[in-house]
Amino acid sequence: MLKPVATLDPLTDPAPFRDALAEWFGKHGRDYPWRRTSDPYAVLVSEVMLQQTQIATVLGRNYYGRFLDRFPDPESLAIADDADLLKAWEGLGYYRRVRMLRETARAVLAAGVFPGSLDALQKLPGVGRYTANAVRAFAFDLPAAVVDGNVARVLSRLVDFRETVDSPAGLKHLWTLADELADPQRPKIYNSALMEIGQTCCRPGVPDCLACPIARFCKTREPETLPVKTPKAKTTHVESHVLWMRDSEGRVLLHQEQGKRRQGLWKLPER
Ligand code: SF4
Numbered sequence: 004m005l006k007p008v009a010t011l012d013p014l015t016d017p018a019p020f021r022d023a024l025a026e027w028f029g030k031h032g033r034d035y036p037w038r039r040t041s042d043p044y045a046v047l048v049s050e051v052m053l054q055q056t057q058i059a060t061v062l063g064r065n066y067y068g069r070f071l072d073r074f075p076d077p078e079s080l081a082i083a084d085d086a087d088l089l090k091a092w093e094g095l096g097y098y099r100r101v102r103m104l105r106e107t108a109r110a111v112l113a114a115g116v117f118p119g120s121l122d123a124l125q126k127l128p129g130v131g132r133y134t135a136n137a138v139r140a141f142a143f144d145l146p147a148a149v150v151d152g153n154v155a156r157v158l159s160r161l162v163d164f165r166e167t168v169d170s171p172a173g174l175k176h177l178w179t180l181a182d183e184l185a186d187p188q189r190p191k192i193y194n195s196a197l198m199e200i201g202q203t204c205c206r207p208g209v210p211d212c213l214a215c216p217i218a219r220f221c222k223t224r225e226p227e228t229l230p231v232k233t234p235k236a237k238t239t240h241v242e243s244h245v246l247w248m249r250d251s252e253g254r255v256l257l258h259q260e261q262g263k264r265r266q267g268l269w270k271l272p273e274r
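Residue numbering for the sequence shown follows my numbering, starting at 4 and increasing by one per position.
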């Protein structure tokens with residue numbers, strides 16, 4: 004693969020870099036439903052939904068649209084009972100997220116207004132720096148940088164960052180870099196473009212640098228070796244045996260999961 008050589012430094016002069024992203028996004032940006040809204044609640048729902056679920060999955064079965072039909076605002080979500088909540092999230096997994104989202108909705112109602120400042124957003128349950136800045140940029144179009152997995156990969160290649168990106172020091176460095184490069188005039192477009200480059204040309208493994216709109220700013224000569232990550236912990240294989248029991252009326256015995264990850268889900272009892 005031929006990787007173009009960088010001829011411009013985005014840190015010295017970020018304006019052409021921001022312009023390149025905006026121009027590319029204007030022509031190639033995808034039309035996702037959460038990009039059509041400026042409702043902070045709807046943006047928050049999309050961010051939480053996409054935290055551990057692929058875009059294709061969320062869109063494929065219209066989870067996002069159906070969830071917002073069922074819970075269109077913080078008011079409706081705040082009073083949802085567990086069964087309704089889990090039903091609306093069924094198939095997305097990591098059910099803790101939707102419970103936390105309900106807590107966030109309750110906190111927003113208690114505050115009386117959807118907060119817009121980084122500090123106030125980060126005080127909401129389950130909202131960290133990434134989600135707070137995503138709401139600021141995508142809903143309010145306020146100057147804010149976001150660093151998710153895709154952006155971390157693009158940025159680390161852009162500046163040829165060779166430290167681990169998932170260590171506290173590595174993350175701190177990437178956030179500082181992201182803050183420096185972020186476009187204060189077009190935060191929504193800038194962040195959407197950077198994330199989308201990470202999903203398309205600057206994908207994991209071997210990227211498509213020849214199709215990349217920011218190739219002339221990109222320092223790395225060995226993109227496939229980046230980002231550097233801490234080696235993963237070994238996967239533990241767990242085997243469980245479940246019971247299938249029916250009574251004389253054909254009803255199947257189920258019980259509710261107690262563990263944190265899928266708490267409240269109905270499942271077959273384990274032996
Ligand atoms: S695809 Fe990634 S590695 Fe390649 S030029 Fe673009 S930002 Fe750099």
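Where is the CB? At the ideal position from N, CA and C, for every residue including glycine. Everything numeric in this text was worked out from a predicted model, so none of it was measured.
Query	Result
Suppose the cutoff is 6 Å on Cβ atoms and the five residues either side in sequence are ignored; what does the same chain contact list for residue 215 look like?	204
How big is the Cα-Cα spacing for residue 133 and residue 150?	6 Å
Would you say the beta carbon of residue 160 is closer than 7 Å to some non-hydrogen atom of the ligand SF4?	yes
By the DSSP assignment, the alpha helix (DSSP H) with residue 99 in it spans what residues?	99-114
Exposed or buried, residue 226, counting other C-beta atoms within 10 Å across all chains shown (16 or more means buried)?	buried
Give me, in chain order, the residues of the same chain whose beta-carbon lies closer than 6 Å to that of residue 139; leave out the 5 immediate sequence neighbours on both sides.	145, 147
Evaluate residue 65 with the Cβ neighbour count: other Cβ atoms within 10 Å of its Cβ, from every protein chain shown; 16 or more gives buried, anything less gives exposed.	exposed
Grouping DSSP H, G and I as helix and E and B as strand, with all else coil, what is residue 165?	coil
Can you find a heavy atom of the ligand SF4 that lies under 7 Å from the Cβ of residue 83?	no
To the nearest whole angstrom, what separates the beta carbons of residue 186 and residue 21, a pair I think is in contact under 8 Å?	4 Å
So residue 247 and residue 255 are in contact, right, with Cβ under 8 Å, and what is the actual spacing, rounded?	7 Å
Can you give me the start and stop residues for the alpha helix (DSSP H) that residue 44 sits inside?	43-52
Does DSSP classify residue 269 as helix, strand or coil?	strand
Between 234, 35, 202, which has its C-alpha nearest residue 61's C-alpha?	35
Alpha carbons only, please: which of 96, 11, 91, 19 is nearest the one belonging to residue 71?	91
Cβ of residue 3 within 8 Å of Cβ of residue 222?	Residue 3 is absent from the model: the chain starts at 4 and stops at 274.
Could you pull the DSSP bridge partners for residue 258 from this structure?	270
Between residue 100 and residue 88, which are expected to be in contact by the criterion C-beta below 8 Å, what is the C-beta distance as a whole number of angstroms?	About 10 Å separates the two Cβ atoms, so there is no contact after all.
Just to check my reading of the structure: residue 74 and residue 83 have Cβ atoms closer than 8 Å, yes? What is that Cβ distance to the nearest angstrom?	6 Å
Within its chain, find whatever has a CB closer than 7 Å to the CB of residue 278; leave out the 5 residues flanking it on each side and keep chain order.	The shown model of the chain, from 4 to 274, leaves out residue 278, and the question about it has no answer.
Around the C-beta of residue 233, are 16 or more other C-beta atoms found within 10 angstroms, so that it is buried, or is it exposed?	exposed
On the DSSP bridge list, what partners appear for residue 249?	255
For my contact list, residue 119 and residue 143 are in at a C-beta cut-off of 8 Å; report their separation, rounded to the angstrom.	5 Å
Return yes when the C-beta of residue 270 is under 7 Å from any heavy atom of the ligand SF4, and no when it is not.	no
Measuring only from the beta carbon, is residue 223 closer than 7 Å to any heavy atom that is part of the ligand SF4?	yes
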